[in-house]
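Residue numbers (this note's numbering): 9 to 217.
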Amino acid sequence: MTYKIGIIGSGNIGGGLGKHFANAGHAVMFSSRNPQELQPLAEQAGPNAQVGTVEEAAQFGEVLLLAYPFGKTPEVAKQVADPAGKVLIDANNYYPGRDGQEPGEEMEEKGLLESEWTASYFPGAHVAKAFNSIPAKTLADRAFSEGVPLAVPFGAADQKAKEVLEAILASIGFVGVYLGDLSQTKISQPDEKLYGKQESEEGIRKLIG
Ligand SMILES: NC(=O)c1ccc[n+]([C@@H]2O[C@H](COP(=O)([O-])OP(=O)(O)OC[C@H]3O[C@@H](n4cnc5c(N)ncnc54)[C@H](OP(=O)(O)O)[C@@H]3O)[C@@H](O)[C@H]2O)c1
9 MTYKIGIIGS GNIGGGLGKH FANAGHAVMF SSRNPQELQP LAEQAGPNAQ VGTVEEAAQF
69 GEVLLLAYPF GKTPEVAKQV ADPAGKVLID ANNYYPGRDG QEPGEEMEEK GLLESEWTAS
129 YFPGAHVAKA FNSIPAKTLA DRAFSEGVPL AVPFGAADQK AKEVLEAILA SIGFVGVYLG
189 DLSQTKISQP DEKLYGKQES EEGIRKLIG
């Protein structure tokens, strides 16, 4: 099964993973506020990749990878015309120095974790949280590996998000370790136990305990 995947934020994370998705046979649209600048990336990614604006990628993708500065979510969400029914994979992390205090205050006030806050801007979407705890270079280097696969801890708000994410991870040679729904994903946020860990499935399961 292959998917149409819109990449929202085609930098370290989105650029690297988008290339893997295209190599695995998924149809990829990289997006940027300046799409013409992404032409070299799309050429590297091969015939399954194209470029577009954020609005175009949001429309193109049945799956969207969110890989931009966390605090830009309200701005990005306005460009995702119809999130309902799409699977969103949230790779973003909250860094107050980069993203401002406002998201932190809102999360605290509403009692939301980072991906729950993100999900609240995309009504009707099937939201998963993945890739956020692993350095971009590791994600770039360890796909399609012949050895022990890299484990990607993830949360998923519902069964559809879980199934699609597991299929996409398998297609690029990673293995998912399911943490639970989004309320169970604190453990993979910045400075928490799984953050920065580059482990096998066994290694991640030991850390989870
Ligand atoms: N780097 C890592 O190792 C790593 C690991 C795990 C998770 N993360 C998280 O993943 C996210 C992306 O990190 P990154 O390292 O890939 O960042 P990056 O290389 O700086 O790329 C971010 C991309 O977001 C786009 N962007 C910025 N503002 C935007 C806006 N208002 N609307 C739409 N797109 C916008 C930029 O594209 P244009 O300027 O072309 O529009 C840029 O290419 C962050 O939340 C980060 O915390 C990073």
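Ideal Cβ placement from N, Cα and C applies to all residues, glycine included.
Keep in mind that this is a model prediction, so the values were computed, not measured.
Could you tell me if the beta carbon of K145 falls within a distance shorter than 8 Å of some heavy atom in ligand 1? yes
Beta carbon proximity, Y186 to chain C, threshold 9 Å: As a matter of chain content, chain C is missing from the structure shown, which is built from one protein chain.
Can you round the beta-carbon distance between D98 and S128 to whole angstroms, since I take them to be within the 8 Å contact cut? No, D98 and S128 are not in contact; Cβ-Cβ is about 12 Å, not under 8 Å.
Once DSSP output is grouped into helix, strand and coil, what is the label at D98? strand
Taking the continuous beta strand (DSSP E) assigned at H134, which residues delimit it? 134 to 137
Could you please give me the residues that DSSP links to I16 through a beta bridge? S39, L74
Does at least one heavy atom of ligand 1 sit under 8 Å from the Cβ of V62? yes
Please confirm whether any heavy atom of ligand 1 lies closer than 8 Å to the CB of G19. yes
Nearest to S153 by alpha carbon, out of A144, I180, M37, G211? I180
Using CA coordinates, which residue listed in L190, D199, P157, G204 is at the minimum distance from G184? P157
7 Å CB neighbourhood of V84 in its chain, flanking five on each side removed: I16, V62, Y76
Pick from K201, V36, V135, S18 that is closest to I142, judged by C-alpha positions: K201
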